[in-house]
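Sequence order for the protein chains is A and B. Be aware that the first sequence starts at 1, since it is given in this note's numbering, and climbs by one per residue. Be aware that the second sequence starts at 312, since it is given in this note's numbering, and climbs by one per residue. The beta-carbon is built from N, C-alpha and C at its ideal position, and this holds for glycine as well. As the structure is a computational prediction, the values presented were derived from the model and not from experiment. Take a look at the structure set out below.
Protein chains: 2
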Amino acid sequence: MSDVTGATAPVPAIGAPILHVAVLGLGLIGGSAAQAWRNRGHRITGWSRRAETVSLAVDRGIIDDGAGSAASAAAGADVVVLAPPVLAMREVLRAIAPVLRSGAIVTDVASTKQAPERWASELLPAHTHWVGAHPMAGKELSGLNHVDPNLFRGRTWVVVPPPGASRHAVAVVERLGQEAGSRIVEMDAASHDEAVANVSHLPFMVSTALSAAVIGSERFADWSSVAASGLRDLTRLASGDAIMHRDICATNRNQIADAMERFAAAFAEMAAQVRALPDDHDSSTTGELAGIGSMFDRVKAVRDAWLPNAR
Amino acid sequence: MSDVTGATAPVPAIGAPILHVAVLGLGLIGGSAAQAWRNRGHRITGWSRRAETVSLAVDRGIIDDGAGSAASAAAGADVVVLAPPVLAMREVLRAIAPVLRSGAIVTDVASTKQAPERWASELLPAHTHWVGAHPMAGKELSGLNHVDPNLFRGRTWVVVPPPGASRHAVAVVERLGQEAGSRIVEMDAASHDEAVANVSHLPFMVSTALSAAVIGSERFADWSSVAASGLRDLTRLASGDAIMHRDICATNRNQIADAMERFAAAFAEMAAQVRALPDDHDSSTTGELAGIGSMFDRVKAVRDAWLPNAR
Chain A
1 MSDVTGATAP VPAIGAPILH VAVLGLGLIG GSAAQAWRNR GHRITGWSRR
51 AETVSLAVDR GIIDDGAGSA ASAAAGADVV VLAPPVLAMR EVLRAIAPVL
101 RSGAIVTDVA STKQAPERWA SELLPAHTHW VGAHPMAGKE LSGLNHVDPN
151 LFRGRTWVVV PPPGASRHAV AVVERLGQEA GSRIVEMDAA SHDEAVANVS
201 HLPFMVSTAL SAAVIGSERF ADWSSVAASG LRDLTRLASG DAIMHRDICA
251 TNRNQIADAM ERFAAAFAEM AAQVRALPDD HDSSTTGELA GIGSMFDRVK
301 AVRDAWLPNA R
Chain B
312 MSDVTGATAP VPAIGAPILH VAVLGLGLIG GSAAQAWRNR GHRITGWSRR
362 AETVSLAVDR GIIDDGAGSA ASAAAGADVV VLAPPVLAMR EVLRAIAPVL
412 RSGAIVTDVA STKQAPERWA SELLPAHTHW VGAHPMAGKE LSGLNHVDPN
462 LFRGRTWVVV PPPGASRHAV AVVERLGQEA GSRIVEMDAA SHDEAVANVS
512 HLPFMVSTAL SAAVIGSERF ADWSSVAASG LRDLTRLASG DAIMHRDICA
562 TNRNQIADAM ERFAAAFAEM AAQVRALPDD HDSSTTGELA GIGSMFDRVK
612 AVRDAWLPNA R
């Protein structure tokens, strides 16, 4: 591993061993993590489905070595990080399973965690360790061209050990998250998927439905002259990557559908309150308007109380 | 009017007469407009329900003269600008109707336009001109303390002439919007209320329902550790002023309820698509996922195409 501590790579902290990390998938997340870890002195072998991406990643110093297949990248690695499109994870797991060394730790960066955990338990040999992970970093841009070793600084790296996980394997994955600059949050896979369904996938669905209903309306030409920052901000998430969100839906279907149901119920209740408002209004009707006004006030208070803790 | 062209007030453009403008209501919008117009050399008389607000506005140079009542402010003014809370507009109109001079132009700054137009036609004498308006400026902060004469620069000042409006009166109101730095968009009241119901009031409702369903959930303590910028941005509008939104609902009930219904239909269709996804997933199931993926893609394309035109 003498090639690791070259001129461009800082020396790792004393006592923290240098790891041989295989990063499979060199998009924004995989590439950014690879570069962050390489900067901490780890030896990074990278693989991507497209050979040009692999050589570009070597040329740019994002990885130490490029591999011609997922299996050859993973063979002998201490830690294998799966960062391909989510629906390709199973075939990558199948490809690497026979070559993993005893004690190898396999982790990932996917936005959902129950499906990867199930796939890993089906496909990985018993002499390896699965510890899922979800680094929560912005994904508005994608691909190797936007790689940024600081992408994860100050963000959350969710670590999802399966039942009975080796604490050593969990500690190694958490160390990698910390070395990328993130704070660690540990959760089980079901809790993770329920949480992100509500705080992340549901907002995307809401944003997309709003885009479809308003910007996608045939009437929008008549409305757009008065559109302002509210519409723009509320539809921002609808411009996210369609394939990523398709795969999120495919692997977190029930939790997303449940969250959508809860939202739809809250929304229907508000619509009924609007429909029930009196017909004509001045300061003498404020009593009849008290219900909807205090509902807006309560929701505002709850949101304002959370805001200082929002990341 | 010699007191108008003092040291602090720039000389108006040649040929544009100085107007005596009464601003009734000195909150963020009324106060900011008053100061912008005073800076253009107009003579501004201000009134607010709270006498302290009126003297503060005089002390800060936001208005030239303070009045003790809406009627005394409006008496003799060329243009009267109604900027009280929306549900107080009727009683202000009743109070000023008897004192308005012949040819006086009455306008407003309310977020909805059909109700004010109806109230004006009921209450204003025939020798005056009503031309409604809606300056579309940010309202996250409120009150005289946040007054900013540049609040309207680069924004849209929607001007809403009633059927058969005097073109002279419309031109005067449009000139005031321009002098505040805004571009003018002219619409009828029904079109305005439909447009803002969709591009402004619906996003508020969506944001509030999302806040209620997620941040207001008893489960939120378990979810908040993975909450990121998506949830924060999508719930931003829920922190808007509850009373203003109550009054918007009260005066634009049917259009908002219709917009909510269209959104709910789009959302329900997406929820059905999510529920119908296959049970297990890898690259072999992408055919079954094509529907939801291409729907996300279409919505993204429509939103991305609009974005360069968004203000």
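- Close CB contacts of A:Val-81 within its chain, under the 6 Å cut and outside five residues either way in sequence, are with Val-23 and Thr-107 (chain order).
- Taking a 10 Å sphere around the C-beta of A:His-192, we find 16 or more other C-beta atoms and assign the residue as buried.
- Taking the CA atoms as reference points, A:Arg-38 sits about 6 Å from A:Ile-44.
- Bounds of the beta strand (DSSP E) holding B:Asp-419 are 416-419.
- Of the other Cβ atoms in all chains shown, fewer than 16 fall within 10 Å of the Cβ of B:Gly-414; this residue is therefore exposed.
- Assignment of A:His-20 by DSSP, reduced to helix, strand and coil, places it in the strand class.
- Between A:Thr-45 and chain B, the shortest Cβ-Cβ separation is not below 9 Å.
- Under DSSP, the beta-bridge partners assigned to A:Pro-135 are A:Trp-157.
- Between A:Phe-220 and chain B, the shortest Cβ-Cβ separation is below 9 Å.
- Counting other Cβ atoms within 10 Å of its Cβ, A:Ala-34 reaches 16 or more and is therefore classed as buried.
- Using a C-beta cut-off of 8 Å, the segment 533-545 of chain B makes no contact with the segment 248-265 of chain A, since fewer than three inter-stretch Cβ pairs fall below that distance.
- With a minimum length of 4 residues, the unbroken runs of alpha helix (DSSP H) contained wholly in the segment 326-400 of chain B fall at 339-350, 362-370 and 381-385.
- B:Val-458 carries a coil assignment under DSSP once its states are collapsed to helix, strand and coil.
- In this structure, B:Met-555 sits near B:Pro-396, with a CB-CB distance shorter than 9 Å.
- Within the segment 513-524 of chain B, the residues whose Cβ lies closer than 9 Å to some Cβ of chain A are Leu-513, Pro-514, Phe-515, Met-516, Val-517, Ser-518, Thr-519, Ala-520, Leu-521, Ser-522, Ala-523 and Ala-524, listed in chain order.
- Residue-level contact by beta carbon fails for A:Ala-71 and chain B, as no gap is shorter than 9 Å.
- Counting along the chain, the unbroken beta strand (DSSP E) around B:Ile-495 starts and ends at 494-497.
- Taking B:Thr-519 as the centre and dropping the five residues before and after it, the same chain places the C-beta of Ala-549 closer than 6 Å to its C-beta, in chain order.
- With the criterion set as a beta carbon lying under 7 Å from some beta carbon of chain B, the members of the segment 150-166 of chain A are Thr-156 and Val-158, in sequence order.
- For B:His-503, the secondary structure class from DSSP, reduced to helix, strand or coil, is helix.
- For A:Thr-285, the nearest CB of chain B lies under 9 Å from its own CB, placing it at the interface with that chain.
- Taking all protein chains in view, the Cβ of A:Leu-19 is crowded by 16 or more other Cβ atoms within 10 Å, so the residue is classified as buried.
- Beta-bridge pairing by DSSP links B:His-438 to no other residue.
- In summary, A:Glu-218 is exposed, with fewer than 16 beta-carbon neighbours lying within 10 Å of its beta-carbon over all protein chains present.
- Residue nearest to A:Asn-309 within the set B:Leu-542, B:Ala-582, B:Ala-587 and B:Val-613 is B:Leu-542 (criterion: CA-CA distance).
- Three or more Cβ pairs closer than 8 Å define a contact, and the segment 140-157 of chain A meets that threshold against the segment 174-186 of chain A.
- Distance from the CA of B:Val-420 to the CA of A:Gly-287, rounded to the nearest whole angstrom, comes to 24 Å.
- C-alpha of B:Thr-439 to C-alpha of B:Val-517: approximately 40 Å in a straight line.
- Listed along chain A is no residue with a C-beta nearer than 8 Å to that of B:Arg-361; the closest approach is about 15 Å.
- B:Val-613 sits close to A:Ala-212, with the two beta carbons spaced by under 9 Å.
- The contact set of B:Ile-603 on chain A, defined by CB atoms closer than 7 Å, consists of Arg-246 and Cys-249 in chain order.
- When 9 Å is used as the limit between beta carbons, A:Ser-224 is near these residues of chain B: Ala-506, Val-510, Trp-617, Asn-620 and Ala-621, in chain order.
- Sixteen is the threshold: since fewer than 16 other Cβ atoms of the shown chains lie within 10 Å of the Cβ of A:Ser-55, the residue is exposed.
- Going by beta carbons, B:Leu-600 and A:Leu-202 fall outside the 9 Å limit.
- For A:Trp-47, the CB contacts under 6 Å within the same chain, skipping 5 residues up- and downstream, are Leu-24, Ala-67, Ala-70 and Ala-73 in chain order.
- Within the segment 161-247 of chain A, the runs of alpha helix (DSSP H) at least 4 residues long that lie entirely inside it are, in chain order, 167-179, 189-196, 202-210, 220-223 and 229-234.
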